[in-house]
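Numbering (our numbering), first residue to last: 3 to 218.
See the structure below:
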């Protein structure tokens, strides 16, 4: 990014921007600098709303303040995967919920791993839901409990996924979702970020965090 004299004047004339610039240089905030090349780059503003103001505080990955995460201790996300990063999502960990690496979840999406008994709504159940790596869940889609999506499954916008597509490498869509097109595995472009983060946590430190904080 080219730094112009106008930008310098703007920053110097804004005490809040100076404060944010200084505080994000602390070692604790290295994730801000090191995720700037990621699709879901982390900003100080997003961290502040989540960690200080308390929007989705239990989630260990960045989540938009209009999205909702339930049962984060039952949710395992992969490198570069941040379900709920986009607005209006509902990510539910009533059962176990797994996400692979570099998967994108569009806005207003619901991904569930549990529900209510049909005849007695007081009875809750959990069903493990698994989303593979390099998947794309289109906006306004719903993934129902117990579904497994293999790697590189693309879910068309507005779909309701009621059954599993474990082989992946396909585009699915509709209500209920069906295979629209098969994809070629050899054409997948693999991502390799220099700095690998699982949410706010560096990859090499995640195993310790998981053993202490997660039930998955």
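Just so it is clear, CB atoms sit at the ideal spot from N, CA and C, and this is done for glycine as well.
From the DSSP output, read off the bridge partner residues of residue i.
i: residue 192; result: Answer by DSSP bridge pairing: none, since residue 192 is not bridged.
i: residue 55; result: DSSP output for residue 55 lists no bridge partner at all.
i: residue 184; result: 172
i: residue 101; result: 133
i: residue 162; result: 144
Ordered along the chain, which non-local residues of its own chain (more than five positions away) have a Cβ less than 6 Å from that of residue i?
i: residue 123; result: none
i: residue 75; result: 216 and 217
i: residue 110; result: 90, 141 and 142
Classify residue i as helix, strand or coil using the three-state DSSP reduction.
i: residue 197; result: coil
i: residue 109; result: coil
i: residue 32; result: helix
i: residue 118; result: strand
i: residue 167; result: strand
i: residue 204; result: strand
i: residue 125; result: coil
i: residue 154; result: coil
i: residue 70; result: strand
i: residue 93; result: strand
i: residue 22; result: helix
Between residue i and residue j, what straight-line distance do the alpha-carbon atoms span, to the nearest angstrom?
i: residue 278; j: residue 147; result: With the chain represented from 3 up to 218, any question about residue 278 goes unanswered, as that position is not in the structure.
i: residue 100; j: residue 118; result: 20 Å
i: residue 40; j: residue 93; result: 21 Å
i: residue 178; j: residue 161; result: 7 Å
i: residue 107; j: residue 55; result: 24 Å
So which of the options has the shortest CA-CA distance to residue i?
i: residue 192; options: 137, 23 and 177; result: 137
i: residue 163; options: 47, 131 and 153; result: 131
i: residue 105; options: 72, 38, 157 and 47; result: 157
i: residue 181; options: 87, 155 and 67; result: 155
i: residue 22; options: 36, 66 and 47; result: 47
i: residue 203; options: 51, 29, 126 and 173; result: 29
Shorter than 7 Å, the distance from the beta carbon of residue i to the closest heavy atom of the ligand NAP, or not?
i: residue 169; result: Looking for the ligand NAP in the displayed structure turns up nothing, as the structure carries no ligands at all.
Output needed for residue i: all residues of its chain with C-beta closer than 7 Å, excluding positions within five of it in sequence on either side, in chain order.
i: residue 73; result: 94, 95 and 96
i: residue 170; result: 134, 151, 152, 153, 154 and 155
i: residue 127; result: 116, 117 and 119
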